[in-house]
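Trainee: Going by my numbering, the first residue of the sequence shown is number 559, and it counts up by one from there.
Ideal Cβ placement from N, Cα and C applies to all residues, glycine included.
Mind having a look at this structure? Questions to follow.
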Amino acid sequence: QRFQAAQARGELPRNAHIGGLIEIHGDGGKGVNWTAGCVALRNDHMDEVYKLAKVGTPVTIVGSLKGLPALEETFQNLRKQHMNGHTQH
């Protein structure tokens with residue numbers, strides 16, 4: 559429903575679809591919707607993902623209604639857990 563509403567508001571191209579080729583890349587944090595459905599992370603966060611995940615690692619993308627500060631806090635907590643050996647590959 560949120561996807562369709564975003565299309566109706568012109569925030570996503572009319573030819574965009576859910577699923578398929580969704581890329582995870584850097585250059586995020588611009589504060590605007592410019593990726594047409596990809597996941598854009600800040601470059602330093604992308605560096606972390608690159609260190610932790612191999613090509614072909616399954617990824618589940620989950621939408622969030624939380625603001626950026628709450629997501630930053632979640633990311634920092636995950637990073638700390640990984641550094642303490644709580645994350646398994």
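Do you know offhand how far Gly568's Cα is from Lys588's?
Mentor: Approximately 18 angstroms between the Cα atoms of the pair.
Trainee: With DSSP as the reference, please indicate the residues paired to Ile582 in a beta bridge.
Mentor: Answer by DSSP bridge pairing, in chain order: Val597.
Trainee: Assess, as a yes-or-no matter, whether the stretch 603-620 is touched by the stretch 572-584 under the definition of 3 or more beta carbon pairs within less than 8 angstroms.
Mentor: These segments touch.
Trainee: Which whole-angstrom value is the C-beta distance of His640 and Leu610, which I expect to be below 8 angstroms?
Mentor: Between Leu610 and His640 the Cβ distance is about 7 angstroms, and since that is below 8 angstroms, they are a contact.
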